[in-house]
Ligand SMILES: Nc1ncnc2c1ncn2[C@@H]1O[C@H](COP(=O)(O)OP(=O)(O)OP(=O)(O)O)[C@@H](O)[C@H]1O
Ligand SMILES: [Mg+2]
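Residue numbers (my numbering), protein chains in the order written: chain A, 1 to 541; chain B, 1 to 257.
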């Protein structure tokens, strides 16, 4: 029986693929979302762990309050004298301070500020003794030492055509100043997204960032064999209550969580879309299967007369759905890789260029995508499968069994087209219109995508038919004369075809019709029920 | 397979010795003014290892009768026994079991599964029942039905006659107690139809396959051991095997009455 179900499925490849499309879309959104957000998270992870490399403990200013959404209030600085005190501690091998800012604008050769599209424009300091803590690597040139020197990031350098020896304008809080580029640096193994960074020596940075005599962070390395907790307890007494000391890994985790909150929001929003897509997909699948089942009533009835139980009929439909679900989910899973790239490009277009390393394809992504896609498809098949069990065996010898109306059939073409058009308009405005805040823009796109899904679903039968005819052409050529005859037969008598109309929407693989050419006899049951008259039904009449 | 268990349910009731028996069955379609009485009290016993033909004018209730005997439909009143089991109160699963063990069906329009090859179609009833076909029996069937060279072909690649031969092999493969055939030649030209009739006749003669066949065609009826004539929902004549000329004479006689 399993074999029979699978062979039947293999025969209806075109139709099955069309059924699978809706599941493919939903699953690709799930997998795409996970892949994208995982990749971004991994990017942040690389950046933050990198920025505390070699630091056993980190002292930072403590913000009066943390805003929940991750856009933290800039913490207060600490006096440079603290560094000297820390350096004197017996177990400290190395301690170095740094100042940072996230609003150091670089000025391009055209005299305009280089846009980061909302991403931070980082500036920070390096000291010769703090090089061990420096997460960036020079690709050419040397580190800055002196008031007029700067190192800029590789992406900006190559993107804007700056080279070592060129001059570049930089501006933090005061007026813009000119610097000589002494080197180009990068963060290894990760893209910082749209962000730029510029590096100065410490006194220059302090002056430029308006933090003279102050530090934002002190990174400390302990002597060999010294426990981090011992170091922490040595440092703690030195701190005021606006300062805090953490282990390097803890500090990295904290920074990551702040950035991660935002990613989490993106993730849930995208997963919500995926959920909607799957929900709509489930309806499309249930609908398509119902139609297929209505078309195959005679087949199920024949199976029943040959001794198949209701349970077997039910399973044959569910197994078919299971296979469609697994294959559709697999395709969706890998399509998610592409979708993640597309989504990222879309974000960049909106000015949300987030860091990312190499693509993260987590086991969780695979498991969730396959599981959800398959389960949704199988669940969607339960109703149609139960309907299949209700096909009476006598349908094997009798035609004119009633087809259930398509779920979306009740929507008129006009409604369907209006919904589709609204969706397209919303998405176009959302993506293309200028001068709109990101929030409303995303909302508009969200609503547009939703309308698009419903529009496509409502129009699906009308779209699918011509589509199937194009895809089905070669199959038909192979199917040969019987298929052609059957189709001609079906189109010649629209009244008769009407009863199978919804079935035809899904495809035109009519080769199986040769098992019941008596469809051509018209609607005998209808005639019988109407008048109860005798009808001569013999083909040799 | 004939030795299959009879459910205990109806053993107490007098089970007719015949493989298939009907007692005073009626079948009414629809209700009220438009109701049609397709059968109006039919009783019969099908003889074991014989070919019984059911004849009669169009609308006389032949198909209705056969569907009821084959457990595809239920009578409005009256009782039917197949292989000693009364159909009346059987559950769907019990009827399914009965179909597997006792009933074979040959359709006018073949009803082959398009995605299966000829051979797969032939053994389908066993596949459904979860049984392995006996190799020898399967080969013998394919050979007698002339499907040896066609076993890997799909129905779409077979002629009508070949398709019907697949269908007959399929009906025989589980060695059912009785095979029902509704106008098995109705959709074939007379030469091909003749070959099909010969195969049906052979299955009765060589395997002792009890068969009930509905037909319009006096030449088809002429291969039977017994001919039942239906008229307006009742059996109007029960005639032993006869040649076509006598069948035609009987038909004329009945239509004048
Ligand atoms: N499903 C049905 N609904 C209503 N009336 C029906 C149905 N099936 C059969 N009938 C009626 O019952 C009567 C007997 O029909 P049946 O099909 O048994 O005749 P038949 O002898 O097989 O005819 P034919 O030789 O044309 O096949 C006819 O009057 C027919 O119109
Ligand atoms: Mg009939």
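From the three backbone atoms N, C-alpha and C, an ideal C-beta is built for every residue, glycine too. Remember, it's a predicted structure, so these values are computed and weren't measured experimentally.
* Asked: Any beta-carbon of chain B closer than 9 Å to the one on residue 15 of chain A?
  -> no
* Asked: Three or more C-beta pairs closer than 8 Å, one from the stretch 23-36 of chain A and one from the stretch 321-334 of chain A: is that the case here?
  -> yes
* Measure the C-alpha to C-alpha separation of residue 488 of chain A and residue 112 of chain B and round it to an integer number of angstroms. => Note that residue 488 of chain A has pLDDT 43, beneath the 50 cutoff, so the model's placement of it is unreliable and the number below is only indicative. Looking at the two C-alpha atoms, the distance is approximately 21 Å.
* **Buried/exposed call for residue 102 of chain B, threshold 16 Cβ in 10 Å** => buried
* For the putative contact between residue 216 of chain A and residue 100 of chain A, defined by C-beta atoms under 8 Å, what is the C-beta separation to the nearest angstrom? -> 5 Å
* Are residue 47 of chain A and residue 232 of chain A close, meaning C-beta to C-beta below 9 Å? -> no
* Indicate the three-state DSSP secondary structure (helix, strand or coil) for residue 425 of chain A in the structure shown. => helix
* **Check: residue 183 of chain B C-beta below 8 Å from any heavy atom of ligand 1** => yes
* **Own chain, CB closer than 6 Å to residue 6 of chain A, minus 5 neighbours either side, in chain order** => none
* Asked: So with Cβ pairs under 9 Å, would you call residue 97 of chain B a contact of chain A?
  -> yes
* Determine whether the Cβ of residue 100 of chain B lies closer than 9 Å to any Cβ atom of chain A. => yes
* To do: For residue 396 of chain A, decide whether its Cβ has a neighbour in chain B, counting only Cβ atoms nearer than 9 Å.
  => yes
* To do: Give me the Cβ distance between residue 87 of chain B and residue 118 of chain B, rounded to the nearest whole Å; I'm assuming they're in contact under 8 Å.
  => Rounded, the Cβ-Cβ distance is 32 Å, inconsistent with contact.
* When the Cα atoms are used, what is the spatial distance from residue 211 of chain A to residue 193 of chain A? -> 27 Å
* May I have the straight-line CA-CA distance separating residue 517 of chain A from residue 109 of chain B, to the nearest angstrom? => Bear in mind that the predicted position of residue 517 of chain A carries a pLDDT of just 37, short of 50, making it too unreliable to give a figure here.
* Asked: Is it the case that the Cβ atoms of residue 99 of chain B and residue 304 of chain A are separated by a distance below 9 Å?
  -> yes
* Asked: Under a Cβ-count criterion, where at least 16 other Cβ atoms within 10 Å of its own Cβ denotes burial, should residue 31 of chain B be classed as buried or exposed?
  -> exposed
* Asked: With 16 as the cutoff for other CB atoms within 10 Å, does residue 241 of chain A come out buried or exposed?
  -> exposed
* Look at the Cβ atom of residue 255 of chain A, then the Cβ atom of residue 98 of chain A, and state whether they are nearer than 9 Å. => no
* What's the gap between the Cα of residue 39 of chain B and the Cα of residue 251 of chain B? -> 19 Å
* When the Cα of residue 163 of chain B is compared with those of B:139, B:175, B:196, which residue comes out closest? -> B:196
* Express the C-alpha separation of residue 199 of chain B and residue 151 of chain B in angstroms, rounding to a whole number. => 18 Å
* the stretch 293-308 of chain A: which residues have C-beta closer than 9 Å to a C-beta of chain B, in chain order? -> 298, 299, 301, 302, 303, 304, 305, 306, 307, 308
* Who are the neighbours of residue 116 of chain B on chain A, taking C-beta pairs under 9 Å? -> 3, 4, 7, 8
* Asked: Any heavy atom of ligand 2 closer than 8 Å to the CB of residue 419 of chain A?
  -> no
* To do: Less than 8 Å between the CB atoms is what I'm expecting for residue 229 of chain B and residue 56 of chain B, so what's the real figure, rounded?
  => 6 Å
* To do: Using alpha carbons as the reference points, say which of A:229, A:124, A:133 lies closest to residue 152 of chain A.
  => A:124
* Asked: Between A:322, A:88, A:23, A:422, which lies nearest to residue 235 of chain A when the distance is taken from Cα to Cα?
  -> A:88
* Closest to residue 181 of chain B by CA distance: which of B:70, B:82, B:24, B:34 is it? -> B:70
* Could you list the residues in the stretch 127-152 of chain B with a C-beta less than 9 Å from some C-beta on chain D, going in chain order? => Within the model displayed, chain D is absent; protein chains A and B are what it includes.
* Is the Cβ of residue 119 of chain B closer than 9 Å to any Cβ of chain A? -> no
* Measuring only between beta-carbons, confirm whether residue 202 of chain B sits less than 9 Å from chain A. => no
* Which residues in the same chain as residue 46 of chain B place their Cβ atom closer than 8 Å to its Cβ, once the five residues preceding and following it in sequence are excluded? -> 18, 19, 20, 21, 52, 69, 178, 210, 212
* To do: Compare the C-beta of residue 386 of chain A against all C-beta atoms of chain B and say whether one is closer than 9 Å.
  => no
* By Cβ distance, which residues of its chain are closer than 8 Å to residue 129 of chain B, with the 5 residues on each side in sequence left out? -> 100, 174
* Along chain A, in chain order, which residues have C-beta atoms closer than 7 Å to that of residue 125 of chain B? -> 306, 307
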